[in-house]
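Q:
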Amino acid sequence: MKFGTKVIHAGIEPDPSTGAIMTPIFQTSTYVQNAPGDHKGFEYARTQNPTRKVLETNLAALENGKYGICFSSGLAAMDAVLKTLNPGDEILATSDLYGGSYRLITKVYDKFGIKGKFIPMDNPEAVAKKITKKTKLIWIETPTNPMLNIIDIKRICKIAKQKKILTCVDNTFASPYLQTPLDLGADIVLHSATKYLGGHSDVILGAIIVKTKKLADQFYFIQNASGAVPGPQDCFLILRGIKTLHLRVQRACKNAKHIAKYLVAHPKVGKVFYPGFKDHPNHEVAKKQMNDFGGMVSFDFKDDSFSTAKKVLSNTRLFALAESLGGVESLIGHPASMTHGSIPKAERMKVGLKDSLIRLSVGVEDVDDLIQDLESAFSNL
Ligand SMILES: *Cc1c(COP(=O)(O)O)cnc(C)c1O
Numbered sequence: 014m015k016f017g018t019k020v021i022h023a024g025i026e027p028d029p030s031t032g033a034i035m036t037p038i039f040q041t042s043t044y045v046q047n048a049p050g051d052h053k054g055f056e057y058a059r060t061q062n063p064t065r066k067v068l069e070t071n072l073a074a075l076e077n078g079k080y081g082i083c084f085s086s087g088l089a090a091m092d093a094v095l096k097t098l099n100p101g102d103e104i105l106a107t108s109d110l111y112g113g114s115y116r117l118i119t120k121v122y123d124k125f126g127i128k129g130k131f132i133p134m135d136n137p138e139a140v141a142k143k144i145t146k147k148t149k150l151i152w153i154e155t156p157t158n159p160m161l162n163i164i165d166i167k168r169i170c171k172i173a174k175q176k177k178i179l180t181c182v183d184n185t186f187a188s189p190y191l192q193t194p195l196d197l198g199a200d201i202v203l204h205s206a207t208k209y210l211g212g213h214s215d216v217i218l219g220a221i222i223v224k225t226k227k228l229a230d231q232f233y234f235i236q237n238a239s240g241a242v243p244g245p246q247d248c249f250l251i252l253r254g255i256k257t258l259h260l261r262v263q264r265a266c267k268n269a270k271h272i273a274k275y276l277v278a279h280p281k282v283g284k285v286f287y288p289g290f291k292d293h294p295n296h297e298v299a300k301k302q303m304n305d306f307g308g309m310v311s312f313d314f315k316d317d318s319f320s321t322a323k324k325v326l327s328n329t330r331l332f333a334l335a336e337s338l339g340g341v342e343s344l345i346g347h348p349a350s351m352t353h354g355s356i357p358k359a360e361r362m363k364v365g366l367k368d369s370l371i372r373l374s375v376g377v378e379d380v381d382d383l384i385q386d387l388e389s390a391f392s393n394l
């Protein structure tokens, strides 16, 4: 099955009891048993829910994996991955990763003796040098947030495999339509389904996708034992969003390309961060591992002043000033004060995340209107 068919059909069958073509929302906490232990595969809804199961099967197919395990949020999914580690273990993670992921490692797991090391990963050899005996997990986020660097998944996973280190790729920014890390050697793929998979900014959900039964069993165990499960209506909303994933991402990529070109030509704009540009430092890697360059564009201002950025941030009408990304509607954000507020300024500056940096999540609106919206916000400068 090709991707555009999988989003609609993989794991999705009409409901056998009614013929309902859409997966029903099984809003139940428990299931009747005929006799002790004699049931239909469902006992208690933290452990199994039919709506969630369909979503997990669908996600496994989209990522070319075998098992999907869903959680109540992207960070709950990450929490499950970190719970497989032991005190004394180290995580090597991408330096400009999602602020909440950084916070989970440094503020929650650090005190249990699980340490994070944050390094730029665009040079795989440099990553190899940072590996120690304690390194048990390599955490890759690509494209990175918000600098939109691209990390060579295949090369890093190869290095990790030689040293028997697990790799997890946070595939939230790309979505499985643009990149499938399990095919490139990753052990675990993680999603904040809140973003592109859901696509309509109306639900929080997370997922892990793996290929091996060994990893899947660990994650099903944690899913049930820790209990950060999504509700059935949330699973339904993600399933519904996924049906148009390919169409939405295609349009977002096309719009983002137009907008990136517009920004480069603007006299007040400093740097534009967009992996689709030939002069982007990781453009060749992006071309190799992604089907297109994504719907995210970041840029800063020549004067690098927060007040310049603020004027633009407060004066767009279509681009809504909000955290999050990957929805049908375009969003504008200020990483230094919003999504990356929990990262110390010194850490931010190391990766080039300036105070004037603006991040756009380009939606699927008509691109002419989006450019006009930016144009009018810029006219106040
Ligand atoms: C939003 C996000 C997360 C966290 O997901 P939630 O669903 O908000 O918990 C993790 N990684 C990336 C890249 C994200 O954008």
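Residue numbers for the sequence shown follow my numbering, so the first one is 14 and each next one is one higher.
Where is the CB? At the ideal position from N, CA and C, for every residue including glycine.
This one's a predicted model, so the numbers in the text were calculated from it and none came from an experiment.
From which residue to which residue does the alpha helix (DSSP H) around residue 384 run?
A: If you number the sequence shown from 1, residue 384 lands on position 371. Taken as a continuous stretch (DSSP letters only), the alpha helix (DSSP H) holding residue 384 covers 380-391.
Q: Within 10 angstroms of the Cβ of residue 45, are there 16 or more other Cβ atoms? Answer buried if so, exposed if not.
A: Here residue 45 refers to the residue found at position 32 when the sequence shown is read from its first residue. Result: exposed.
Q: Does the structure place the region 239-257 close enough to the region 282-298 that three or more beta carbon pairs sit under 8 Å?
A: The answer is no - the region 239-257 does not touch the region 282-298, with fewer than three Cβ pairs under 8 Å.
Q: When we look at the beta-carbon of residue 65 and count the other beta-carbons within 10 Å, is it buried (16 or more) or exposed?
A: Looking up residue 65 in the sequence shown gives position 52. Buried, since its Cβ has 16 or more Cβ neighbours within 10 Å.
Q: Could you tell me how far apart the beta carbons of residue 220 and residue 83 are, in whole angstroms, since I believe they sit closer than 8 Å?
A: Working through the sequence shown from its first residue, we reach residue 220 at position 207. Working through the sequence shown from its first residue, we reach residue 83 at position 70. Between residue 83 and residue 220 the Cβ distance is about 5 Å, and since that is below 8 Å, they are a contact.
Q: Any heavy atom of ligand 1 closer than 7 Å to the Cβ of residue 154?
A: Residue mapping note: residue 154 aligns to position 141 of the sequence shown, counting from 1. Yes, the Cβ of residue 154 comes within 7 Å of a heavy atom of ligand 1.
Q: Tell me the rounded alpha-carbon separation between residue 59 and residue 247.
A: The sequence position of residue 59 within the sequence shown is 46, counting from 1. The sequence position of residue 247 within the sequence shown is 234, counting from 1. Their backbone Cα atoms lie some 14 Å apart in a straight line.
Q: State the DSSP-derived secondary structure class of residue 373, mapped to helix, strand or coil.
A: Residue 373 sits at position 360 when you count from the first residue of the sequence shown. In the structure shown, residue 373 sits in a strand (DSSP, three-state: E or B).
Q: Would you mind reading off the limits of the beta strand (DSSP E) that contains residue 313?
A: Position 300 of the sequence shown, counting from 1, holds the residue named residue 313. Unbroken beta strand (DSSP E) run through residue 313: 309-314.
Q: Where do the ends of the alpha helix (DSSP H) carrying residue 321 lie?
A: Locating residue 321 in the sequence shown gives position 308, where the first residue counts as 1. Counting along the chain, the alpha helix (DSSP H) containing residue 321 begins and ends at 319-328.
Q: Please determine whether the Cβ atom of residue 186 lies at a distance below 7 Å from any heavy atom of ligand 1.
A: Counting from one through the sequence shown, the residue named residue 186 turns up at place 173. Yes, ligand 1 has a heavy atom inside 7 Å of this Cβ.
Q: Report yes or no: do three or more beta-carbon pairs, one from the region 204-214 and one from the region 331-345, lie closer than 8 Å?
A: Touching, yes, given that three or more Cβ pairs across the two stretches are closer than 8 Å.
Q: Counting beta carbon pairs with one atom in the region 119-132 and one in the region 255-275, are three or more of them shorter than 8 Å?
A: Result no; under three Cβ-Cβ pairs closer than 8 Å.
Q: Considering just the uninterrupted stretch of the beta strand (DSSP E) at residue 179, what are its terminal residues?
A: The residue given as residue 179 occupies position 166 in the sequence shown. Note, residue 179: beta strand (DSSP E), 179-183.
Q: Just tell me which of 393, 332, 346 and 353 has its CA closest to the CA of residue 382.
A: On the sequence shown, position 369 is the one that residue 382 refers to. The shortest C-alpha separation from residue 382 is found at 332.
Q: Output the boundary residues of the alpha helix (DSSP H) element that contains residue 22.
A: The residue labelled residue 22 in the question sits at position 9 within the sequence shown. From DSSP, the alpha helix (DSSP H) with residue 22 extends over 16-22.
Q: Checking 8 Å against the spacing of the C-beta atoms, do residue 137 and residue 168 come in under that value?
A: Looking up residue 137 in the sequence shown gives position 124. Looking up residue 168 in the sequence shown gives position 155. Yes, the Cβ-Cβ distance between residue 137 and residue 168 is below 8 Å.
Q: With 16 as the cutoff for other CB atoms within 10 Å, does residue 164 come out buried or exposed?
A: Position 151 of the sequence shown, counting from 1, holds the residue named residue 164. Buried.
Q: Taking the C-alpha atoms as reference points, what is the distance between residue 135 and residue 162?
A: Taking the first residue of the sequence shown as position 1, residue 135 is located at position 122. Taking the first residue of the sequence shown as position 1, residue 162 is located at position 149. Using only the alpha carbons, I get a separation of about 7 Å.
Q: In its own chain, which residues sit with a C-beta less than 7 Å from the C-beta of residue 326, not counting the 5 before and 5 after it?
A: Working through the sequence shown from its first residue, we reach residue 326 at position 313. Around residue 326: 334, 345, 347 and 371.
Q: So, at 7 Å on beta carbons, what are the nonlocal neighbours of residue 103 in its own chain, with the 5 sequence-adjacent residues on each side left out?
A: Here residue 103 corresponds to residue number 90 of the sequence shown, with the count starting at 1. So the list reads 128, 130, 145, 147, 148 and 149, once near-sequence residues are dropped.
Q: Can you have a look at residue 40 and say buried or exposed, based on whether 16 or more other CB atoms are within 10 angstroms of its CB?
A: Within the sequence shown, residue 40 is the residue found at index 27, counting from 1. Counting Cβ neighbours within 10 Å, residue 40 comes out exposed, since fewer than 16 surround it.
Q: What are the boundary residues of the beta strand (DSSP E) that residue 205 is part of?
A: Start at 1 with the first residue of the sequence shown, and residue 205 comes out as number 192. Segment 201-205, the beta strand (DSSP E) holding residue 205.
Q: Could you check if residue 42 is buried or exposed, using at least 16 other CB atoms within 10 Å of its CB as the buried criterion?
A: For the purposes of this step, residue 42 is taken as residue 29 along the sequence shown, with counting starting at 1. The residue in question, residue 42, is exposed, as its Cβ has fewer than 16 Cβ neighbours within 10 Å.
Q: What did DSSP end up calling residue 74 once you bin it into helix, strand or coil?
A: The count along the sequence shown starts at 1 and reaches residue 74 at position 61. Reduced to three states, the DSSP call for residue 74 is helix.
Q: Thinking just about the alpha-carbon of each residue, which of 16, 38 and 375 is nearest to the one in residue 244?
A: Looking up residue 244 in the sequence shown gives position 231. Considering only alpha carbons, the answer is 38.
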